[in-house]
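*Asks:* Quick one: structure below, then a few questions.
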Amino acid sequence: MIYVNIYLDKNSPLYNELSIKKLLHNSSFSIFLGLKPSIGETLRLNHLNASDEKLKKFLSHHATLYFKIDDIIQSYVITHAHNGIPVLDLKCTLIEKPF
Numbered sequence: 001m002i003y004v005n006i007y008l009d010k011n012s013p014l015y016n017e018l019s020i021k022k023l024l025h026n027s028s029f030s031i032f033l034g035l036k037p038s039i040g041e042t043l044r045l046n047h048l049n050a051s052d053e054k055l056k057k058f059l060s061h062h063a064t065l066y067f068k069i070d071d072i073i074q075s076y077v078i079t080h081a082h083n084g085i086p087v088l089d090l091k092c093t094l095i096e097k098p099f
């Protein structure tokens, strides 16, 4: 699993809504992914694949959100004994109508 921090444009309506509901931590929200994403890839987020309980509740009242990965800001590893958890910071844009 890869721990991903998603950073949105601070002028976007979704960023403002998440900020008002206090769902952002350090201007981002976090999810777990199975595979390392790439720049230009589309991420899908709904209440079924969110990791935070408050975020799950928020997303249960919304349709699936789609994000385009604009940039991988940084990558590092949190180590626990001999196992490491990869962490990525992603700059993403919400895709209003993906298809």
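So for the sequence shown, our numbering puts the first residue at 1; every next one is plus one. Backbone N, C-alpha and C define an ideal beta-carbon position, used for all residues, glycine too.
State buried or exposed for F29, treating a residue as buried only when at least 16 other CB atoms are found within 10 Å of its CB.
*Replies:* Position 29 of the sequence shown, counted from the start, is the residue given in the question as residue 29. Result: buried.
*Asks:* Quick one: is I39 buried, meaning 16 or more other Cβ sit within 10 Å of its Cβ, or exposed?
*Replies:* Within the sequence shown, the letter at position 39 stands for residue 39. I39 should be labelled exposed.
*Asks:* Return helix, strand or coil for I20, following the three-state DSSP convention.
*Replies:* Numbered from 1 along the sequence shown, position 20 holds the residue referred to as residue 20. Helix, per DSSP.
*Asks:* Count the other CB atoms, across all protein chains shown, that sit within 10 Å of the CB of F67; report buried if there are 16 or more and exposed otherwise.
*Replies:* The residue you call residue 67 lines up with position 67 of the sequence shown. Buried is the call here.
*Asks:* Does the separation of the CB atoms of I69 and E96 fall below 8 Å?
*Replies:* Position 69 of the sequence shown, counting from 1, holds the residue named residue 69. Position 96 of the sequence shown, counting from 1, holds the residue named residue 96. No. Outside cutoff.
*Asks:* Going by DSSP, what residue range makes up the beta strand (DSSP E) through L33?
*Replies:* Taking the first residue of the sequence shown as position 1, residue 33 is located at position 33. Per DSSP, L33 belongs to the beta strand (DSSP E) from 28-33.
*Asks:* Nearest to I85 by alpha carbon, out of E17, S27, G34, I20?
*Replies:* Walking along the sequence shown from the start, residue 85 turns up at place 85. Comparing Cα-Cα distances from I85 to each of E17, S27, G34, I20, the minimum goes to G34.
*Asks:* Please tell me whether D89 and N5 are closer than 8 Å, where the distance is taken between their beta carbons.
*Replies:* Position 89 of the sequence shown, counted from the start, is the residue given in the question as residue 89. Position 5 of the sequence shown, counted from the start, is the residue given in the question as residue 5. The answer is yes: Cβ separation under 8 Å.
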